[in-house]
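Peer 1: In the numbering used here, the protein residues as written are 1497 to 1577. Glycine included, every Cβ here is placed at the ideal spot set by N, Cα and C. This is the structure I have questions about; it appears just below.
What follows is the structure in structure tokens.
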């Protein structure tokens, strides 16, 4: 686990070092889990799309009706686009 002085935690695999999930104590209601950690369908679905400003230009974002944020949904003044 890595915990920077400004808040969140990032957890990594002890064997290969891959990122597993992130947690921000300032927003305890959510945990960010890396999709590459799942071998099978986890049975849950996304509830929001964030950091869409950085989406790969060659991979269009599907219109799935989820709220989208250019940056973090927790950013001061963040509003869905």
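Residue 1575: which of 1557, 1552, 1546 and 1503 sits nearest, CA to CA?
Peer 2: 1546
Peer 1: Counting only runs that start and end within the stretch 1501-1535, where is the alpha helix (DSSP H) found for 4 or more residues in a row?
Peer 2: none
Peer 1: What residue from 1540, 1523, 1553 and 1561 has the CA that sits closest to residue 1571's CA?
Peer 2: With respect to the C-alpha of residue 1571, the residue from 1540, 1523, 1553 and 1561 having the closest C-alpha is 1523.
Peer 1: Looking only at DSSP bridge pairs, what is residue 1498 linked to?
Peer 2: For residue 1498, which the question treats as bridged, DSSP gives the partners 1506.
Peer 1: Three or more C-beta pairs under 8 Å: does that hold for the stretch 1537-1546 against the stretch 1557-1564?
Peer 2: yes
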